[in-house]
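Quick notes on the structure that follows.
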Amino acid sequence: MADIVSVILLIIILFVLVLPAFFVVYAYFVDRNQKRHSVLRNYPVLGRIRYMFEKIGPELRQYFFRDDTEGKPFSRKDYHDIIIPAKYGHRLIGYGSLRDFEEPGYYVKNSMFPKQVEELALGESPQISSFVYQIDKDSLIGRKEHREDKMMEPFLLEEEYEVVIGEDTPNPFHVKGHIGMSAMSYGALGERAITALSIGLGRATGTWMNTGEGGLSNHHLKGDVDLIMQIGPGLFGVRTEAGEFSWEELKKKAEIEQVSSN
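Residue numbers (the numbering used here): 4 to 265.
See the structure below:
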């Protein structure tokens, strides 16, 4: 009888302690060495817990938390409407809306006769070399996907509809993109974030990047994107060693091809 109890206890210990510990160690090394998810690579195992809670989010919100449209400044629906097309290249969504069209405010509603892509006043060339993710398996405790190279349309405004700032200046600023980066200083964001945003916006073409009050850094110049160099109260980047405003420094920065000097 004692032998049977010992075996049962051993089995219980195996299932309660050893197997979970093995799974945690295995998941750690898998997550740490993969290059598809920055969250999983930087936070092995914990990232999986994050995805698990994301997966059961609708059920949790249904009974305990806010719904998909209540978050500020961006709701969960706003987040998904941006992330899903950007990462997976899927722009099709179900017909209908979660928005209350009886409430005042700006919204986009369904059209009975939407225009075809070729009917839109959008330039579809030159195409952008990028990649999208394809989901292979999406379960509660894990997600497997692979990355595929893809040539994507830039969706830029045609020349007759582009916004031109400083049309009568020697160096007018042509804006063809629909989305740009508003002011966010180097310092508020780190070196890697500023560099990644610069490269991404440069690849998108036709858009802009505002340096914020922190001024122009070398990291803003990495992506060949049009830059709006902001001069804030601190005059970062355009001062003398004594801290005074310097026209020479301002002219030097304005001569950089990527900087809008209008």
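In this text, a Cβ means the ideal position worked out from N, Cα and C, and glycines have one as well.
Just reading off the alpha helix (DSSP H) that residue i is part of, what are its end residues?
i	result
Ser201	194 to 207
Lys80	79 to 91
Asn213	Careful: Asn213 lies outside any alpha helix (DSSP H), inside the beta strand (DSSP E) at 211 to 213.
Leu224	Per DSSP, Leu224 belongs to no alpha helix (DSSP H) and is neither H nor E.
Val42	41 to 45
Quick test of your reading: residue i and residue j, contact by CB under 8 Å. State the CB separation rounded to the nearest angstrom.
i	j	result
Gly240	Gly218	3 Å
Met1	Met212	In the structure as shown, the chain begins at 4 and stops at 265. Residue 1 is therefore absent and cannot be evaluated.
Lys80	Val135	Rounded, the Cβ-Cβ distance is 21 Å, inconsistent with contact.
Lys354	Met232	Past the boundaries of the shown model lies residue 354; the chain is included only from 4 to 265, so the question cannot be answered.
Ala124	Tyr164	5 Å
Val167	Pro175	5 Å
Asp139	Glu148	6 Å
Ile87	His93	6 Å
Helix, strand or coil, according to DSSP, for residue i in the structure here?
i	result
Tyr164	helix
Arg146	strand
Ser264	Caution applies to Ser264, whose pLDDT of 45 falls short of 50 and renders its modelled position unreliable; the value that the coordinates give is listed next. DSSP places Ser264 in coil when its eight states are reduced to three.
Asn36	helix
Gly50	helix
Lys256	helix
Phe239	coil
Met55	helix
Lys153	strand
Asp70	coil
Gly190	coil
Gly60	helix
Gly126	strand
Phe26	helix
Phe248	strand
Val19	helix
Ser9	helix
If you check the beta carbons only, do residue i and residue j fall under 8 Å apart?
i	j	result
Glu127	Glu156	yes
Tyr54	Arg146	yes
Gly246	Ala207	no
Out of the options, point me to the one whose CA is closest to residue i's CA.
i	options	result
Gly221	Ser188, Glu251, Thr208	The sequence given here has Asn at residue 221, not Gly. Of the candidates Ser188, Glu251, Thr208, the one whose C-alpha sits nearest the C-alpha of Asn221 is Ser188.
Phe56	Ser249, Glu73, Ser142	Ser142
Val27	Leu224, Ser41, Lys38, Pro47	Pro47
Ile144	Thr72, Arg51, Pro107, Lys225	Arg51
Lys225	Gln261, Gly209, His40	Gln261
Glu216	Thr172, Gly235, Phe248	Gly235
Thr214	Gly60, Ala196, Pro23, Tyr164	Ala196
Asp229	Leu200, Glu251, Pro107	Leu200
Pro129	Glu194, Ala191, Glu161	Glu161
Arg39	Glu244, Phe116, Gln137, Gly60	Gln137
Ser133	His83, Gly205, Gly169	Gly205
Thr210	Ile7, Asp227, Val178	Val178
Leu49	Gly60, Ile59, Arg35, Pro61	Arg35
Phe158	Gly193, Val120, Glu194	Val120
Asp70	Ser41, Arg44, Asp103, Asn45	Asp103
For the beta strand (DSSP E) containing residue i, name the first residue and the last one.
i	result
Ser132	131 to 141
Leu230	229 to 231
Val178	176 to 178
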